Every structure is written in C-alpha cells, then in structure tokens.
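K.L.:
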Amino acid sequence: MKYIFVTGGVVSSLGKGLTAAALGTLLENRGLKVTLQKFDPYLNVDPGTMNPYQHGEVYVLDDGAETDLDLGHYERFTNVKLTRVNNLTSGQVYQTVLDKERRGDYLGKTVQVIPHITDEIKNRIHQLAEQSKADVVITEIGGTTGDIEGLPFLEAIREFALEVGYNNAIFMHVTYVPFIKAAGELKTKPTQQSVAKLREIGIAPHILVCRCERPLDKDLRHKISLFCNIPYEAVIEEKDVDHSIYEVPLMLQRERVDDLVCRLLHLDAPAPNMAHWQEIIRKLIAPQHRVRIGVVGKYIELNDAYKSVYEAIIHGGVANDCGVEIQKVDAETIEREGPEKILKGLGGILVPGGFGERGIEGKIMAAKYARENKVPYLGLCLGMQIATIEFARNVLKLDKAHSTEFDPGTPHPVIALLDDQKKVTKKGGTMRLGAQPAQLVVGSKVAHLYGAFVVNERHRHRYEFNNAYRDRFAKADFVFSGTSPDGKLVEVIELANHPFFIASQFHPEFHSKPHKPHPLFRGFIAAAHAHTHRKAL
Ligand code: GLN
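As structure tokens, then:
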C-alpha cells in the first residue's frame with residue numbers, strides 16, 4: 056500500500072483538490088487502483104449544515120455522506136466510488152475521541168491532541184486503505200500550512216509516513232509562485248517560506264507543485280530546488296489552465312509527475328494512455344457546435360455553489376461535441392425584470408437544487424417560460440419541485456399552490472413533508488440522503504435516455520411530491536416517469552407535449568464524469584442544441 060499526502064501553502068484556492076484528482080487520473084490510467092481522501096480541519100461534523108457562501112456545494116456520496124466538494128473532483132477525474140470514510144473533519148475526530156473518553160476507553164489517562172487525536176486521524180487512513188484495497192491512497196489535507204487548526208493533521212501524516220516508511224509514503228506540496236507586476240517577475244519567497252513552515256513541523260516535501268500564471272523557467276526551478284531542498288525534477292510547474300480544469304492531468308503528465316511518483320514509491324506501472332482524455336480536451340477546446348444554457352439559481356455569483364451542476368453540463372456538452380456557454384441567472388433578477396428579457400435566446404434552462412425562499416418565484420417564472428416556449432428544461436431536486444408548483448398554479452389552476460417549505464399555510468401543498476420527516480428535529484444528516492433506486496416508466500423519455508428501467512441516483516432533500524395530487528396532475532400531460540420501486544415517492548417527472556421537460560427529485564449531477572457524461576445531461580444538451588438550431592432555421 057502506497058500513500059501520497061497533498062498539502063497546500065501560501066494561499067487557499069490553489070486547486071489542491073484538482074491537483075490531487077488529476078494525479079489520481081494519471082495513476083489510474085497507469086493501471087493502478089487509486090482512492091482519494093480529504094481531511095478538513097474545521098469543527099463541523101460535515102459540511103451539510105453550512106451555507107454555500109461558507110463552503111460551496113455539499114457533495115453527496117452514494118452512502119449518503121454529505122462531503123466537501125473536492126470529493127466531487129475526485130469522483131469526476133477517476134472511476135473511484137467514495138464513501139463516508141473518504142472525508143474526515145476535525146469535528147468527526149473530536150466526536151469519536153470524546154465518545155471513547157465517555158465510554159472509558161482511555162480510563163486513567165489524560166486525553167490529548169498527541170497521541171489521541173493524531174491516532175484517530177491515522178486510523179482513518181488505515182481504515183480507507185483496508186476498505187478500498189487500493190494500490191495508492193491520495194490524502195489531501197484541507198487548509199493552508201501554518202493554520203493552527205491544521206496542525207494535528209500535519210502531525211498525524213508526519214507520524215504516518217515515518218511508520219510506513221518513505222518508500223511507501225510521500226509528501227506533495229502545492230504552492231503559489233506569484234507574478235509581481237511591478238517587478239515583472241515570478242517570486243519564489245512565499246514558496247520558500249511555506250516549505251520552511253512544513254519542515255519546521257518535520258515534513259520535507261518530495262514534490263513541489265508550483266501554481267503560477269506564467270511559466271517557471273529553468274533558473275527559477277533551480278532556485279526553488281536549491282532553497283527548498285527539493286530535487287530539480289520534483290519542482291513542478293502547474294500553470295493556470297487555458298480552457299478547462301480537465302487539462303490538469305495532461306499538464307501534470309507533461310511535467311512527468313506520475314513518473315516521479317512511481318519512482319519515489321517504487322511502483323511498477325506502465326505509462327498511462329491518455330488518448331481518450333485528449334479527445335475530451337479537444338471537444339472542450341474546439342467543439343463542433345455551441346449552445347447557451349441558463350442556470351437559474353440564487354448563489355449565482357459563487358462559482359462553487361453549483362459546482363457539480365456546471366461540470367455535468369460541460370460533460371453533457373462533451374457527449375454532444377458541443378461547447379456550452381453557461382449563463383448564470385439570478386432568480387431574483389427574473390422576478391424584477393421578467394423572464395422574457397433574461398431567458399430569451401437560451402438553448403436550455405436548468406433549475407438546480409436549493410433551500411430557502413429567496414428567488415423561488417423567479418425560478419417558478421423560469422419553469423413557466425420553459426414550458427410555454429418549449430425551451431428544454433432540466434430540473435434538479437428543487438428544480439422538480441419548482442416545475443410541479445408552476446404546473447399546479449398555471450395549468451391545473453390550483454391557486455397559490457406551493458411547497459410547505461416556503462408557504463406552510465398554502466391551500467394546495469403539492470410539495471410537502473412525509474410523516475417520517477415531520478418527526479425530525481435535528482438538522483445534521485437527517486435529510487433523505489444518498490443513492491436510492493428509481494423505477495422508470497416504459498416508453499418515457501427518461502427511460503429512453505438512460506436506456507434502463509431502474510436507476511440509482513443520489514438524493515439530498517426533505518420535501519416530496521404530495522401524492523394527494525397525483526391523479527390531478529396525471530390527467531393533464533404531466534407524466535410521472537420515475538418513482539421509488541414501491542411507487543410511493545415521485546422521482547422523475549416529464550411533460551408529454553414538450554420536446555424536453557424533465558425534472559428529477561434526485562441529483563444526477565453527482566454521477567457525471569467527463570469520460571462518462573450523465574444521460575440526462577447528454578439528453579438535455581442534445582435537446583438544447585436542437586432547440587437552438589430550430590430557432591436559427
Ligand atoms: N429544499 C428542497 C427539499 O428539501 C430541495 C432540496 C434540494 O434541492 N437539494 O426538499
């Protein structure tokens with residue numbers, strides 16, 4: 056078993072997660088079985104209760120774990136299936152240790168950060184190694200070197216590497232080499248200092264990945280090598296990508312990072328065949344077609360809030376050799392200015408998941424516009440609930456129909472809580488979470504797109520379609536094209552007299568990869584392209 060620890064220095068948002076994921080792509084394409092793990096130093100047990108402004112998207116796994124969005128990168132860049140073992144927060148570590156303390160497991164001892172907290176962290180690495188049976192475990196430590204709260208994690212990986220030996224564990228540090236305009240130069244000092252900070256706590260990185268806007272020339276690499284005590288060939292340039300994050304694996308391959316990793320860890324694996332990946336990049340850089348998709352949300356200014364949705368749209372584009380321009384639409388702008396002005400000319404409209412009342416009416420207007428103007432519509436989770444409310448109000452004429460999440464006193468609660476959710480009082484980890492099967496209706500558009508009748512998709516919601524209204528909807532052209540196997544929960548709806556109006560209670564975006572675009576996104580982009588083309592004729 057081999058271990059790679061990825062740390063970050065100087066500033067956050069360097070794309071440590073992407074770098075770890077891209078290394079995963081290369082190693083997997085060398086035939087190695089890889090798994091990836093993220094350690095988050097914050098005290099929340101998981102990010103499930105955090106606001107997207109704090110944390111970005113909450114990424115949901117098959118087993119229902121609510122995790123950091125870097126796990127989304129891990130799954131998209133590789134073929135690994137992650138579980139809750141793959142994301143550890145300080146909150147979880149302390150919770151486990153304190154539970155043990157109360158049980159009396161440490162009877163007689165003083166419970167301390169070292170060794171009790173650090174042991175728990177090390178246990179989690181071993182646990183993943185055993186469960187995954189991977190050849191290589193890549194562990195990313197969240198935060199930046201020098202953060203107080205990250206110290207126990209760094210101490211734990213230092214000990215871990217010592218215990219398994221440096222033939223089996225290496226450190227990769229992702230750092231920043233800024234270009235200072237006034238000097239007209241790339242500057243290495245922040246990198247030197249962040250490596251020094253790591254060495255102070257006993258970690259000497261084997262590989263230094265230098266994030267930079269401009270190329271690192273030879274002299275600079277030599278300087279970094281000398282001052283940071285890192286061999287020249289282990290000073291890696293990772294320049295900002297020109298087009299797409301999916302270029303990162305190819306960039307690291309050009310820098311021979313995977314060769315270096317295999318050499319350091321004594322892994323005997325053939326060079327990766329990246330031809331399929333190159334073809335994905337070709338379609339991203341020079342696609343045959345183009346479409347414009349509107350995503351109507353409320354965290355529009357924050358790129359990370361709908362990360363998996365944006366990525367899945369791009370994958371849908373790859374599947375259709377279609378470049379996608381994503382227009383991020385603030386639902387409140389639609390409320391102010393009307394749908395026509397904002398949504399006109401789009402190839403497709405997508406309403407993603409969400410919580411809370413702000414922007415809801417704007418999203419309902421967007422769904423109405425898509426339905427009436429036959430613009431392709433894809434609704435995800437809240438996007439399905441929105442489509443239902445819109446249809447109830449404007450087609451079934453159920454005045455003031457709503458979800459009880461937004462209007463508890465609505466005369467027509469077409470979206471409501473089921474009894475078991477009504478009993479829930481705790482907020483953390485209590486939604487309907489994780490992968491659950493849905494049965495698709497023979498002859499439906501969605502079954503055709505999937506090419507299957509049973510699918511397993513990930514959920515994260517509390518509210519459901521209210522079955523008291525099923526008959527009334529079914530009599531109109533509102534099709535319940537997917538339900539839970541017992542028929543009780545509505546999973547997918549579609550409109551019969553519309554080229555593409557599909558919405559799911561689950562989140563298909565969490566199962567999409569550039570090399571395996573999700574069928575619903577593939578179909579959505581194909582429909583958007585057809586719609587754009589039709590309009591042009
Ligand atoms: N707020 C809605 C619910 O809880 C939708 C959740 C979501 O879109 N993820 O059911």
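Each residue of the sequence shown is one higher than the one before, counting from 56 in my numbering. Backbone N, C-alpha and C fix where the C-beta goes; we use that ideal spot for every residue, glycine too. Computed from a predicted model, the values in this text were never measured in an experiment.
#1: Less than 8 Å between the CB atoms is what I'm expecting for residue 548 and residue 536, so what's the real figure, rounded?
#2: Alpha carbon to alpha carbon, how far is residue 495 from residue 488?
#3: Just checking, does the segment 519–529 make contact with the segment 117–136 on the three C-beta pairs under 8 Å criterion?
#4: Is the closest heavy atom of the ligand GLN to the C-beta of residue 333 under 8 Å?
#5: Count the other CB atoms, across all protein chains shown, that sit within 10 Å of the CB of residue 58; report buried if there are 16 or more and exposed otherwise.
#6: If you draw a straight line from the alpha carbon of residue 100 to that of residue 498, how long is it in whole angstroms?
#7: Tell me which residue opens and which closes the alpha helix (DSSP H) that residue 269 is part of.
#8: Is residue 461 helix, strand or coil by DSSP?
#9: Please say whether residue 212 and residue 258 have beta carbons closer to each other than 9 Å?
#10: Should residue 559 be labelled buried (16 or more other beta-carbon atoms within 10 Å of its own) or exposed?
#11: Shorter than 8 Å, the distance from the beta carbon of residue 515 to the closest heavy atom of the ligand GLN, or not?
#12: Helix or strand or just coil, what does DSSP make of residue 568?
#13: Do residue 112 and residue 151 have their beta-carbon atoms positioned less than 9 Å apart in this structure?
#14: Can you tell me whether residue 145 is buried or exposed? The criterion is at least 16 other CB atoms within 10 Å of its CB, across all chains shown.
#15: Suppose the cutoff is 6 Å on Cβ atoms and the five residues either side in sequence are ignored; what does the same chain contact list for residue 342 look like?
#16: Quick one: using the 10 Å Cβ neighbour count with 16 as the cut-off for buried, is residue 589 buried or exposed?
#17: Residue 404 and residue 432 look like a contact to me (Cβ under 8 Å); what is the Cβ gap, rounded to whole Å?
#18: Any heavy atom of the ligand GLN inside 8 Å of the beta-carbon of residue 438?
#19: Could you tell me whether the segment 213–225 touches the segment 153–166, using the rule of 3 or more Cβ pairs below 8 Å?
#20: Decide if residue 84 is buried, meaning its Cβ has at least 16 other Cβ atoms within 10 Å, or exposed.
#21: Give me the Cα-Cα distance between residue 141 and residue 514, rounded to the nearest whole angstrom.
#22: So what does DSSP say about residue 537, is it helix, strand or coil?
#23: Heavy atom of the ligand GLN less than 8 Å from the Cβ of residue 435, yes or no?
#24: Give me, in chain order, the residues of the same chain whose beta-carbon lies closer than 6 Å to that of residue 587; leave out the 5 immediate sequence neighbours on both sides.
#25: Comparing alpha-carbon positions, which option in 131, 296 and 183 lies nearest residue 365?
#26: Count the other C-beta atoms from every protein chain shown that fall within 10 angstroms of the C-beta of residue 298, then say buried if there are 16 or more, exposed otherwise.
#27: How should residue 580 be labelled, buried or exposed, when 16 other C-beta atoms within 10 angstroms of its C-beta is the threshold for buried?
#28: Is the segment 462–482 close to the segment 506–513, with three or more CB pairs under 8 Å?
#29: Skipping 5 residues on each side, what residues in its chain have a beta carbon closer than 6 Å to that of residue 198?
#30: Tell me which residue opens and which closes the alpha helix (DSSP H) that residue 436 is part of.
P.N.:
By the coordinates alone:
#1: Here residue 548 corresponds to residue number 493 of the sequence shown, with the count starting at 1. Here residue 536 corresponds to residue number 481 of the sequence shown, with the count starting at 1. A Cβ-Cβ separation of about 7 Å places residue 548 in contact with residue 536 under the 8 Å criterion.
#2: For the purposes of this step, residue 495 is taken as residue 440 along the sequence shown, with counting starting at 1. For the purposes of this step, residue 488 is taken as residue 433 along the sequence shown, with counting starting at 1. Distance between residue 495 and residue 488, taken at the CA atoms: about 20 Å.
#3: Short answer: they don't touch.
#4: As a working note, residue 333 is residue 278 in the sequence shown. Not under cutoff, so the answer is no.
#5: As a working mapping, residue 58 is identified with position 3 in the sequence shown. Of the other Cβ atoms in all chains shown, 16 or more fall within 10 Å of the Cβ of residue 58; this residue is therefore buried.
#6: Here residue 100 corresponds to residue number 45 of the sequence shown, with the count starting at 1. Here residue 498 corresponds to residue number 443 of the sequence shown, with the count starting at 1. Cα to Cα, residue 100 sits roughly 43 Å from residue 498.
#7: If you number the sequence shown from 1, residue 269 lands on position 214. Here residue 269 belongs to no alpha helix (DSSP H), and DSSP marks it neither H nor E.
#8: Taking the first residue of the sequence shown as 1, we reach residue 461 at position 406. Residue state, collapsed to three classes: coil.
#9: Taking the first residue of the sequence shown as 1, we reach residue 258 at position 203. Taking the first residue of the sequence shown as 1, we reach residue 212 at position 157. With respect to the 9 Å criterion, residue 258 and residue 212 are classified as neighbours on the basis of their beta carbons.
#10: Counted from its first residue, the sequence shown places residue 559 at position 504. Residue 559 should be labelled buried.
#11: Here residue 515 corresponds to residue number 460 of the sequence shown, with the count starting at 1. For the ligand GLN, at least one heavy atom lies less than 8 Å from the Cβ of residue 515.
#12: Taking the sequence shown and counting its residues from 1, the one referred to as residue 568 is at position 513. The DSSP-derived three-state label of residue 568 is strand.
#13: Locating residue 151 in the sequence shown gives position 96, where the first residue counts as 1. Locating residue 112 in the sequence shown gives position 57, where the first residue counts as 1. No, the pair does not count as a contact, with Cβ atoms beyond the cut-off.
#14: Here the question's residue 145 lines up with position 90 in the sequence shown. The residue is buried, with at least 16 neighbouring Cβ atoms inside 10 Å.
#15: Taking the sequence shown and counting its residues from 1, the one referred to as residue 342 is at position 287. Counting only Cβ-Cβ distances below 6 Å, and skipping sequence neighbours, we find 376, 377 and 378.
#16: In the sequence shown, the residue the question calls residue 589 occupies position 534. With fewer than 16 other Cβ atoms within 10 Å, it is exposed.
#17: On the sequence shown, position 349 is the one that residue 404 refers to. On the sequence shown, position 377 is the one that residue 432 refers to. In this structure residue 404 touches residue 432 by the C-beta definition: roughly 5 Å separates them, less than 8 Å.
#18: For the purposes of this step, residue 438 is taken as residue 383 along the sequence shown, with counting starting at 1. Residue side-chain check: residue 438 places its Cβ nearer than 8 Å to a non-hydrogen atom of the ligand GLN.
#19: No, they do not touch.
#20: As a working mapping, residue 84 is identified with position 29 in the sequence shown. Answer is buried; the Cβ neighbour count reaches 16.
#21: Taking the sequence shown and counting its residues from 1, the one referred to as residue 141 is at position 86. Taking the sequence shown and counting its residues from 1, the one referred to as residue 514 is at position 459. Answer to the nearest angstrom: the Cα atoms are 19 Å apart.
#22: Position 482 of the sequence shown, counted from the start, is the residue given in the question as residue 537. If DSSP states are grouped into helix, strand and coil, residue 537 belongs with the strands.
#23: Counted from its first residue, the sequence shown places residue 435 at position 380. Residue 435 Cβ: within cutoff of the ligand GLN.
#24: Position 532 of the sequence shown, counted from the first residue, corresponds to residue 587. The residues are 346 and 402.
#25: In the sequence shown, the residue the question calls residue 365 occupies position 310. The residue with the shortest Cα to Cα distance from residue 365 is 131.
#26: For the purposes of this step, residue 298 is taken as residue 243 along the sequence shown, with counting starting at 1. Exposed: under 16 other Cβ atoms inside 10 Å.
#27: Against the sequence shown, residue 580 aligns to sequence position 525. When all chains shown are included, residue 580 counts as buried.
#28: The segment 462–482, when compared against the segment 506–513, does not touch it at the 8 Å Cβ threshold.
#29: On the sequence shown, residue 198 is found 143 positions in, with the first residue counted as 1. Here the set comprises 96 and 205.
#30: Here residue 436 is taken as the residue at index 381 of the sequence shown, counted from 1. No alpha helix (DSSP H) contains residue 436, which DSSP labels as neither H nor E.
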